[in-house]
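Student:
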Amino acid sequence: MRILLTGGAGYIGSHTAVALAATGHEVVCFDNLSNSRAEVMDQLETITGQSIPLIVGDIRDRTSLEQAMQSHAIEAVIHFAGLKAVGEAVARPLIYYDNNVRGTLSLIEAMIACSVRTLVFSSSATVYGEPQYLPLDEIHPTSATNPYGRTKLMIEEMLTDIAAADPDWRIAVLRYFNPVGAHESGLIGEDPNGIPNNLMPFISRVASGRLERLSVFGDDYDTPDGTGVRDYIHVTDLAAGHLAALGAISSHNEPISTWNLGTGQGYSVLEMVRAFERVNGVCVPYQIADRRPGDVASCYASPDKAKAELGWEAALGLEDMCSSMWRFERMLATSNSPQATAT
Ligand code: NAD
Ligand code: UD1
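The number in our numbering is simply the position in the sequence shown, starting from 1, with 1 added.
1. At which residue ranges does the stretch 89-154 contain complete alpha helix (DSSP H) runs of 4 or more residues, listed in the order of the chain?
2. Kindly examine the ligand UD1 and report whether one of its heavy atoms sits closer than 8 Å to the Cβ of residue 36.
3. Does the beta-carbon of residue 80 have 16 or more other beta-carbons within 10 angstroms, so that it is buried, or is it exposed?
4. Under 6 Å Cβ to Cβ from residue 262, same chain only, skipping five residues before and after it: list those, please.
5. Starting from residue 250, follow the alpha helix (DSSP H) in both directions and report where the run begins and ends.
6. Which partner residues does residue 260 have in the DSSP bridge list?
7. Taking 7 Å as the limit between beta carbons, can you name the residues of its chain near residue 147, skipping five residues before and five after?
8. Does the beta-carbon distance from residue 31 to residue 56 come in below 9 Å?
9. Where do the N-terminal and C-terminal ends of the alpha helix (DSSP H) with residue 274 fall, by residue?
10. Does the stretch 58-67 come within contact of the stretch 197-212, defined as at least 3 CB pairs closer than 8 Å?
11. Does the ligand NAD have even one heavy atom less than 8 Å from the beta-carbon of residue 349?
12. Could you give the DSSP three-state label for residue 80: helix, strand or coil?
13. Shorter than 8 Å, the distance from the beta carbon of residue 308 to the closest heavy atom of the ligand UD1, or not?
14. Helix, strand or coil for residue 4? Go by DSSP, reduced to three states.
15. By Cβ distance, which residues of its chain are closer than 8 Å to residue 324, with the 5 residues on each side in sequence left out?
16. So residue 97 and residue 106 are supposed to be a Cβ contact under 8 Å. How far apart are they, rounded?
17. Starting from residue 289, follow its DSSP beta bridges and name the residues at the other end.
18. Which residues bound the alpha helix (DSSP H) around residue 207?
19. So, under 8 Å CB-CB, residue 204 and residue 274 are touching, yes? Tell me the CB distance rounded to an integer number of Å.
20. Looking at C-alpha atoms only, which residue of 103, 327, 75, 47 is the closest neighbour of residue 2?
21. Which stretch, first to last residue, makes up the beta strand (DSSP E) that contains residue 185?
22. Considering only the beta carbon of each residue, do residue 47 and residue 18 sit closer than 9 Å?
23. Are three or more beta carbon pairs between the stretch 307-314 and the stretch 162-172 nearer than 8 Å?
24. Tell me where the alpha helix (DSSP H) around residue 305 begins and ends.
25. Say the cut is 8 Å; is the CB of residue 295 nearer than that to a heavy atom of the ligand UD1?
26. With distances taken Cα to Cα, identify the nearest neighbour of residue 235 among 259, 182, 141.
27. Could you tell me the distance, in whole angstroms, from the CA atom of residue 229 to the CA atom of residue 223?
28. Between which two residues does the beta strand (DSSP E) containing residue 320 stretch?
29. Use the C-beta contact count for residue 44: other C-beta atoms within 10 angstroms, 16 or more gives buried, fewer gives exposed.
30. Only counting the same chain, and skipping five residues up and downstream in sequence, which positions put a Cβ closer than 7 Å to that of residue 285?
31. Using the Cα positions of residue 33 and residue 6, report the straight-line distance between them to the nearest angstrom.
32. Spatial neighbours of residue 331 within its chain, please: C-beta separation below 8 Å, excluding the five flanking residues on both sides.
33. Classify residue 142: buried if its beta carbon has 16 or more other beta carbons within 10 angstroms, exposed otherwise.
34. Can residue 127 be considered in contact with the ligand NAD, in the sense that its beta carbon sits closer than 8 Å to one or more heavy atoms?
35. May I ask whether a heavy atom of the ligand NAD can be found less than 8 Å away from the beta carbon of residue 261?
36. Is residue 219 close to the ligand UD1? I mean its beta-carbon at under 8 Å from any heavy atom of the ligand.
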């Protein structure tokens with residue numbers, strides 16, 4: 002298929018571009034580079050041996066989306082483009098509604114204008130809000146605990162209405178758990194600007210000496226060691242999940258379907274620290290700090306629906322997550338250019 006990847010230069014988009022190109026799909030990336038760099042396309046060419054086009058544009062610009070879809074005869078869209086920082090969303094909610102919700106509306110309008118009705122959407126486990134039971138399955142009630150989560154929920158609801166109004170749509174809503182890791186080459190990965198909010202990029206930087214020590218946000222949760230438990234999924238597995246979803250929606254009859262992409266296995270903060278140290282032979286100094294507001298004790302997926310309906314399940318474990326992140330971190334230390342994510 003000829004597939005447009007909005008946000009294709011970003012962390013998950015770039016890894017999915019590799020997976021799609023490797024299976025013979027034609028990929029076109031569309032990205033405004035607000036949180037990524039054009040140089041990632043060079044890395045993608047090195048990895049895939051193919052030149053993947055990048056169109057620099059904003060999804061809120063419907064005309065440029067339509068031009069991109071028409072000029073490349075696009076048949077399906079995977080929609081990664083969006084802002085994703087929870088703290089920033091709380092402080093500046095309007096830019097999240099504008100970028101994520103209005104941007105998706107503009108994309109849908111452009112798709113309709115170009116007669117493209119196959120869409121894979123990047124949603125998040127954040128739409129489950131405070132877990133009422135575990136593991137989280139797709140019928141768990143949804144709610145939002147912050148404006149970022151609310152944009153994902155609003156988009157999911159918008160897509161549900163669109164699919165109800167026109168059953169020709171084929172939409173996959175993918176709810177990611179905690180994506181971590183990097184491509185095995187070490188050429189692409191996630192390197193947030195400033196101090197990382199998420200655990201694993203923080204651990205990587207402490208290990209390399211870019212940051213002094215990790216603060217573990219709370220050790221008094223109702224979990225085996227008192228620290229927060231999450232479902233970490235390797236970004237390469239996540240990328241493969243997009244291929245599986247695209248294949249499923251292209252051949253089945255439902256206008257919209259939702260799947261969790263997680264491993265089903267939860268690990269605590271301290272388990273992640275120890276795994277990173279053991280796998281990479283490094284030291285990650287940490288201190289116990291207060292709980293982070295808004296955090297839950299445990300969050301992990303039921304991956305059963307994806308396994309049954311997509312024939313997909315995560316294959317890579319903690320070892321691969323930790324070693325690939327460290328390879329990428331070392332690569333960043335020895336070169337100044339290539340990285341997937343810049344903000
Ligand atoms: P990322 O920031 O690395 O990638 C997003 C890309 O979208 C960036 O390259 C950015 O430049 C681009 N972009 C943003 N707004 C745009 C716009 N208006 N027009 C065009 N391009 C735009 O983030 P990611 O981690 O790759 O996340 C991809 C998607 O997955 C996002 O929608 C995110 O909300 C969702 N998601 C991510 C995670 C995670 O932990 N990384 C978890 C759940 C869901
Ligand atoms: C966060 C976002 C969530 C988003 C997800 C994407 C918040 C509140 N939630 O989820 O919306 O979908 O990222 O991956 O930001 N931790 C530390 N020290 C740190 C960083 C994290 O102890 O410096 C702990 C956290 O308390 C948590 C675990 O590590 O228990 C994972 O945190 P993080 O990587 O930020 O992911 P989530 O909070 O699950």
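The C-beta atom is built at its ideal place from N, Cα and C for all residues, glycine as well.
Quick caveat, the model's predicted, so the values are computed rather than measured.
Tutor: Let's see:
1. 94-97, 104-114
2. Numbered from its first residue, the sequence shown carries residue 36 at position 35. No.
3. As a working mapping, residue 80 is identified with position 79 in the sequence shown. With 16 or more Cβ atoms within 10 Å of its Cβ, residue 80 is classed as buried.
4. Counting from one through the sequence shown, the residue named residue 262 turns up at place 261. Counting only Cβ-Cβ distances below 6 Å, and skipping sequence neighbours, we find 175, 177, 239, 242.
5. The residue given as residue 250 occupies position 249 in the sequence shown. Taken as a continuous stretch (DSSP letters only), the alpha helix (DSSP H) holding residue 250 covers 236-252.
6. Residue 260 sits at position 259 when you count from the first residue of the sequence shown. Per DSSP, 175.
7. The residue given as residue 147 occupies position 146 in the sequence shown. Counting only Cβ-Cβ distances below 7 Å, and skipping sequence neighbours, we find 87, 90, 91, 295.
8. The count along the sequence shown starts at 1 and reaches residue 31 at position 30. The count along the sequence shown starts at 1 and reaches residue 56 at position 55. Yes; because the gap between Cβ atoms is below 9 Å, this pair is in contact.
9. Mapped onto the sequence shown, residue 274 falls at position 273. Its alpha helix (DSSP H) spans residues 270-281.
10. no
11. This structure gives no information on residue 349, because the portion of the chain shown stretches from 2 to 344.
12. Along the sequence shown, one-based indexing puts residue 80 at 79. Strand at residue 80.
13. Here residue 308 corresponds to residue number 307 of the sequence shown, with the count starting at 1. Every heavy atom of the ligand UD1 is 8 Å or more from the Cβ of residue 308, so no.
14. Translated into positions along the sequence shown, residue 4 becomes position 3. If DSSP states are grouped into helix, strand and coil, residue 4 belongs with the strands.
15. Here residue 324 refers to the residue found at position 323 when the sequence shown is read from its first residue. Same-chain partners within the cutoff: 280, 281.
16. The residue you call residue 97 lines up with position 96 of the sequence shown. The residue you call residue 106 lines up with position 105 of the sequence shown. Contact doesn't hold; Cβ gap of about 14 Å is too wide.
17. The residue labelled residue 289 in the question sits at position 288 within the sequence shown. Answer is 217.
18. Stepping through the sequence shown from its first residue, residue 207 is reached at position 206. Segment 200-209, the alpha helix (DSSP H) holding residue 207.
19. Start at 1 with the first residue of the sequence shown, and residue 204 comes out as number 203. Start at 1 with the first residue of the sequence shown, and residue 274 comes out as number 273. With 8 Å as the limit, residue 204 and residue 274 qualify as a contact, their Cβ atoms being about 6 Å apart.
20. On the sequence shown, residue 2 is found 1 positions in, with the first residue counted as 1. Comparing Cα positions, the closest option is 75.
21. Mapped onto the sequence shown, residue 185 falls at position 184. No beta strand (DSSP E) contains residue 185, which DSSP labels as neither H nor E.
22. Reading the sequence shown from its first residue, position 46 is the one you call residue 47. Reading the sequence shown from its first residue, position 17 is the one you call residue 18. No, these two residues do not count as a Cβ contact at 9 Å.
23. no
24. Residue 305 sits at position 304 when you count from the first residue of the sequence shown. From DSSP, the alpha helix (DSSP H) with residue 305 extends over 305-311.
25. In the sequence shown, counting from the first residue as 1, residue 295 sits at position 294. Under cutoff, so the answer is yes.
26. In the sequence shown, residue 235 corresponds to position 234, counting from 1. The option with the nearest alpha carbon to residue 235 is 182.
27. As a position in the sequence shown, residue 229 is number 228, starting the count at 1. As a position in the sequence shown, residue 223 is number 222, starting the count at 1. Answer to the nearest angstrom: the Cα atoms are 9 Å apart.
28. The residue you call residue 320 lines up with position 319 of the sequence shown. Counting along the chain, residue 320 falls outside any beta strand (DSSP E), though it belongs to the alpha helix (DSSP H) covering 319-335.
29. As a first step, residue 44 must be located in the sequence shown, where it is residue number 43. Buried, by the Cβ-count rule.
30. Here residue 285 refers to the residue found at position 284 of the sequence shown. Only 204, 207, 208, 215, 274, 277, 278 meet the Cβ criterion.
31. Within the sequence shown, residue 33 is the residue found at index 32, counting from 1. Within the sequence shown, residue 6 is the residue found at index 5, counting from 1. Distance between the alpha carbons of residue 33 and residue 6 is about 12 Å.
32. The residue labelled residue 331 in the question sits at position 330 within the sequence shown. Only 187, 209 meet the Cβ criterion.
33. What you label residue 142 is simply residue 141 of the sequence shown in a count that begins at 1. Exposed: under 16 other Cβ atoms inside 10 Å.
34. The residue you call residue 127 lines up with position 126 of the sequence shown. Result yes, Cβ under 8 Å from the ligand NAD.
35. The sequence position of residue 261 within the sequence shown is 260, counting from 1. No; taking the cut-off as 8 Å, the Cβ of residue 261 has no heavy atom of the ligand NAD nearer than that.
36. On the sequence shown, residue 219 is found 218 positions in, with the first residue counted as 1. Yes - the ligand UD1 has a heavy atom lying nearer than 8 Å to the Cβ of residue 219.
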